[in-house]
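Asks:
2 protein chains.
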Amino acid sequence: MRPFTNLITYDKALKIVISKTPSINDTETIPITAANGRVCAESVVSNMNVPPFDRAAEDGYAVRAEDTFGAGTYSPVKLKLVGKINTGEWKNIVIKEGECVQVATGAIIPNGANAVVRVEDTEMDGEYVNVYRPVHPGFDIAPAGEDIQKGDTVIEQGALLTPARIGVLAAIGLSEVNVYKKPRIAIVPTGDELTEPGKPLKLGKIYDVNTYTIAAVVMENGGEPVIMPYARDDVDAVKNSLLEALSSADMVVFSGGSSVGDRDVLIDVVSSLGTIEFHGVAIKPGKPTWFALVDGKPVLGLPGFPTSCLSDAYLFLVPALRKMAHLPPREWKTVRVKMGRRITSTLGRRQFFTVRIENDVAQPVYKTSGAITSLARADGFIIIPENVDLVEKGEEVTVYMWR
Amino acid sequence: MRPFTNLITYDKALKIVISKTPSINDTETIPITAANGRVCAESVVSNMNVPPFDRAAEDGYAVRAEDTFGAGTYSPVKLKLVGKINTGEWKNIVIKEGECVQVATGAIIPNGANAVVRVEDTEMDGEYVNVYRPVHPGFDIAPAGEDIQKGDTVIEQGALLTPARIGVLAAIGLSEVNVYKKPRIAIVPTGDELTEPGKPLKLGKIYDVNTYTIAAVVMENGGEPVIMPYARDDVDAVKNSLLEALSSADMVVFSGGSSVGDRDVLIDVVSSLGTIEFHGVAIKPGKPTWFALVDGKPVLGLPGFPTSCLSDAYLFLVPALRKMAHLPPREWKTVRVKMGRRITSTLGRRQFFTVRIENDVAQPVYKTSGAITSLARADGFIIIPENVDLVEKGEEVTVYMWR
């Protein structure tokens with residue numbers, strides 16, 4: 001057995017993971033209907049004005065403002081009604097002196113007109129309209145380009161596409177947008193005991209859990225999981241798996257096979273192909289975590305125990321993946337509650353202690369480090385710093401919510 | 404023009420929308436790799452034990468505990484090594500008195516053995532193993548069903564499927580899960596001026612924005628948008644659109660066409676087919692919002708102006724949709740910042756004022772109610788209650804973040 005010789009702190013380990021993980025700059029063009037949550041890969045410049053034409057801001061009559069000067073409640077100006085323009089219509093009308101055109105909100109303002117008189121300030125009078133209020137040029141007209149000018153940058157490179165920003169793309173007529181591709185994260189299950197869910201279970205085998213928790217974490221953080229075949233616990237099998245994973249993905253994640261027992265070949269294989277950046281972190285769970293670069297691509301080793309693996313995925317994989325995907329760091333929802341039981345920790349190791357919140361009290365859910373059920377029951381975790389060895393019952397703690 | 408006769412409060416309107424909107428109970432079976440964020444439609448009961456067999460909790464030797472009694476640092480017990488079981492293997496070995504079998508962590512415990520002696524408490528001695536420490540029955544064995552018992556309910560009906568819960572499904576061998584179907588939300592763009600993005604724009608027309616913002620909101624809140632063809636602004640066209648939308652979706656959302664101008668036919672059509680629950684809400688923006696039930700399905704009318712439409716979608720559509728989808732209410736991320744400018748509001752109307760956060764100060768972004776660019780620049784909104792008509796510059800406000 002090879003002991004862990006030098007554990008590094010979580011902060012150091014995370015810094016290494018983030019600094020060595022490259023952002024993925026490959027792009028793809030997708031329909032705006034599929035773009036929510038994606039990251040814009042280039043600044044978007046409008047090649048049109050919005051609105052594209054002068055339009056009526058209210059229902060009323062398009063007029064020459066100068067024709068209305070002097071109009072008043074008792075001295076209306078009489079204008080000849082020469083047409084009607086509905087919203088969405090175009091009519092080849094030119095307004096001349098003494099004329100007006102009925103317009104609906106949003107309708108194009110006909111040539112010759114420079115203002116809109118609201119319908120409530122007028123009265124129909126046969127072929128004429130009596131105008132009871134003067135308007136100045138530009139009144140109740142939304143001029144072309146008022147909202148977006150041709151040439152304006154409307155979305156910055158790197159912006160997260162939200163419903164609102166997708167609306168902006170639509171407004172300037174774009175049905176597609178260029179976004180960063182989702183990083184492809186290869187997940188390599190290791191361990192001769194693992195069986196794929198849905199297949200019959202032979203004696204001595206267990207179902208694979210980590211592939212599915214990791215895949216879900218990858219999907220909810222902007223990545224595309226690539227589930228690789230099971231790697232047998234021998235040098236050639238692991239080597240081939242790693243090489244195949246590297247050829248089809250931007251990052252490779254292993255789970256299991258990272259302890260220091262005599263049958264763990266993973267670290268040897270990874271060392272032979274690349275650089276191990278660290279192996280062993282002063283955290284609980286997650287001590288056997290390792291991180292390497294192979295062919296410039298990040299390779300992350302997560303623990304085999306399901307709860308440890310998921311905890312570690314949030315701690316290391318999520319920040320790395322979100323950097324790759326050009327996404328902002330994950331924002332943890334936190335709640336402050338009292339601890340329901342006294343818990344101890346080891347000085348020198350940062351503990352991420354899984355809890356469930358019951359009646360505003362944080363209760364431990366961790367039965368054993370392999371426990372699957374604690375996953376289903378857990379709401380999140382509390383952090384016990386390296387210099388704290390005891391959290392008293394009733395002490396106030398911050399819970400970082402998994403969801 | 405028909406004025407709004409009776410505006411109802413936002414709280415009343417929302418209560419109506421939520422109470423009249425049914426949850427959708429149709430279900431579908433999907434792979435667990437696609438289940439993240441979905442809602443479990445039935446309680447999941449394990450039909451196996453996890454672990455499925457007694458297994459070694461440490462690397463060491465499976466023994467009969469009683470054979471180790473009396474062992475000590477200077478008086479080892481000598482056991483005959485009769486085999487080795489790796490993790491994932493099964494071997495037909497039965498341990499008899501005075502025998503042991505080498506086991507790896509996670510390996511199945513052979514018949515006859517009832518404890519594991521850790522490797523560090525032993526020494527190899529030819530075909531024998533010297534045991535330097537006694538163990539009690541059950542020591543370092545994870546018994547079958549320790550984690551999950553056959554018959555245990557592991558996921559409750561209605562539970563949101565998170566990475567952790569997906570791991571639990573995998574652990575009990577399930578590759579698929581039964582979830583509630585995503586509610587189908589038909590989006591019907593109305594307005595003769597609307598053009599689909601990507602198509603050439605004729606004079607007098609503008610690009611449709613609301614369909615795309617609404618579709619994105621629907622997707623990020625667990626629904627499936629169904630984009631309908633444009634409905635022309637006449638009774639038959641709107642009626643046919645509504646009937647077609649109802650036949651293919653669980654809810655119908657209109658945008659635009661809800662003001663009280665003379666060309667708005669939507670309300671008349673909806674009234675003729677179903678019940679208008681309210682029309683006109685004491686909020687800004689969003690006053691012309693309406694809600695109806697047609698054939699028992701909710702039909703929601705959002706304003707046509709893009710910023711108003713999106714604001715309203717968050718206020719009414721999101722709560723309704725999440726109820727339909729069995730999802731918990733949306734959790735707003737909020738931040739407390741100072742207001743960057745004095746803003747006024749109308750007494751008696753609740754204002755949802757769109758802001759951008761710059762250097763920890765909330766700045767207005769709303770140019771005009773049609774402004775598209777404010778969408779791209781906005782971070783969220785502040786709420787100005789019905790009884791407040793002024794927010795002073797420098798006053799502390801809560802911003803509800805759109806993202």
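These protein sequence lines map, in sequence, to chains A and B. Per my numbering, the first sequence starts with residue 1, numbered consecutively. Per my numbering, the second sequence starts with residue 404, numbered consecutively. C-beta atoms are modelled at their ideal positions from N, C-alpha and C, and glycine is treated no differently.
Chain A beta carbons: is any one of them nearer than 8 Å to that of B/K415?
Replies: no
Asks: May I ask which residues mark the beginning and end of the beta strand (DSSP E) holding B/L482?
Replies: 480-488
Asks: Hey, is B/L778's beta-carbon within less than 8 Å of any beta-carbon in chain A?
Replies: yes
Asks: Can you list the residues of chain C that B/G486 reaches, using a CB-CB cut of under 9 Å?
Replies: Absent from the structure: chain C. Protein chains present are A and B.
Asks: Can you find a C-beta in chain B that's less than 8 Å from the C-beta of A/D208?
Replies: Interface residue, yes.
Asks: So, helix, strand or coil for A/L243, using DSSP?
Replies: helix
Asks: So that I know if they touch, is there some Cβ in chain B lying closer than 8 Å to that of A/V260?
Replies: Model confidence at A/V260 stands at a pLDDT of 47, short of 50, so the residue's coordinates are unreliable; what they give is reported in the following sentence. By this cut-off, A/V260 is not an interface position.
Asks: Rounded C-beta distance between B/G561 and A/T87? I'm assuming under 8 Å.
Replies: Rounded, the Cβ-Cβ distance is 45 Å, inconsistent with contact.
Asks: Mark A/E392 as exposed unless 16 or more other C-beta atoms lie within 10 angstroms of its C-beta, in which case mark it buried.
Replies: exposed
Asks: Which residues, in chain order, does the segment 218-248 of chain A contribute to contact with chain B at a C-beta distance below 7 Å?
Replies: Within the segment 218-248 of chain A, the residues whose Cβ lies closer than 7 Å to some Cβ of chain B are M219, E220, listed in chain order.
Asks: In this structure, how does DSSP classify B/V663 when only helix, strand and coil are distinguished?
Replies: Confidence at B/V663 is low in this model, with a pLDDT of 48, below 50, so the placement of that residue should be treated as unreliable; the coordinate-derived value is given next. The answer is coil: DSSP assigns B/V663 none of H, G, I, E or B.
Asks: For a test of the three-state rule: what should DSSP assign to B/R587, helix, strand or coil?
Replies: strand
Asks: Considering only the beta carbon of each residue, do B/V668 and B/D636 sit closer than 8 Å?
Replies: yes
Asks: State yes or no: is the C-beta of A/K12 within less than 8 Å of the C-beta of A/P298?
Replies: no
Asks: Using three-state DSSP, classify A/N111 as helix, strand or coil.
Replies: Note: A/N111 maps to strand in three-state DSSP.
Asks: Please identify, using Cβ separations under 9 Å, the residues of the segment 570-599 of chain B that lie next to chain A, in order along the chain.
Replies: Cβ contacts with chain A come from G570, V571, L572, A573, A574, I575, G576, L577, S578, E579, G594, D595, E596, L597, T598, E599.
Asks: Counting only beta-carbon atoms, is B/E431 nearer than 8 Å to chain A?
Replies: no
Asks: Using a beta-carbon distance cut-off of less than 9 Å, what residues from the segment 475-503 of chain B approach chain A?
Replies: Taking 9 Å as the Cβ-Cβ cut-off, the segment 475-503 of chain B approaches chain A at I488, N489, T490, G491, E492, W493, K494, given in chain order.
Asks: I'd like to know whether the C-beta atoms of A/D140 and A/E220 end up nearer to each other than 8 Å.
Replies: no
Asks: Which of the residues in the segment 702-725 of chain B, read from start to end, lie with their CB under 7 Å from any CB of chain A?
Replies: P709, L713
Asks: Quick one: is B/A428 near chain A, going by C-beta distance under 8 Å?
Replies: Note that residue 428 of chain B is Asn in the sequence shown here, rather than Ala. False, the Cβ-Cβ gap to chain A never drops below 8 Å.
Asks: Note down, in chain order, every chain A residue with its Cβ under 8 Å from the Cβ of B/F456.
Replies: L203, G204
Asks: Within 10 angstroms of its Cβ, does A/N454 collect 16 or more other Cβ (buried), or is it exposed?
Replies: Nothing can be reported for residue 454 of chain A, as the shown portion of chain A is limited to 1 through 403.
Asks: Tell me the start and end of each unbroken beta strand (DSSP E) in the segment 662-726 of chain B that is at least 3 residues and wholly inside, in chain order.
Replies: 678-682, 693-697, 700-705
Asks: Could you give the distance in angstroms between the alpha-carbon of B/P628 and the alpha-carbon of B/A516?
Replies: 59 Å
Asks: Tell whether a beta-carbon distance below 8 Å holds between B/M654 and B/S644.
Replies: No, Cβ-Cβ distance for B/M654 and B/S644 is not below 8 Å.
Asks: Is there a C-beta anywhere in chain B that falls below 8 Å from the one on A/W402?
Replies: yes
Asks: Taking C-beta pairs closer than 8 Å, name the residues in chain A that B/T565 reaches, listed in chain order.
Replies: A216, W402, R403
Asks: What does B/R753 pair with, by DSSP beta-bridge criteria?
Replies: B/I686
Asks: Reducing DSSP to helix, strand and coil, say where B/D414 ends up.
Replies: helix
Asks: Would you please verify whether the beta carbon of B/N439 is less than 8 Å from any beta carbon of chain A?
Replies: yes
Asks: The alpha helix (DSSP H) with B/N613 in it runs from where to where?
Replies: 613-622
Asks: Is it buried or exposed for B/K605, if we count other Cβ within 10 angstroms and need 16 for buried?
Replies: Under this definition B/K605 is an exposed residue.
Asks: May I ask you to report which of helix, strand or coil DSSP gives B/T436?
Replies: Judged by DSSP in its simplified three-state form, B/T436 adopts helix.
Asks: Taking B/V557 as part of the beta strand (DSSP E), name the residues at either end of that continuous run.
Replies: 556-558
Asks: Given that a residue counts as buried once 16 or more other Cβ atoms are within 10 Å of its Cβ, and exposed if not, what is B/S711?
Replies: That one is buried.
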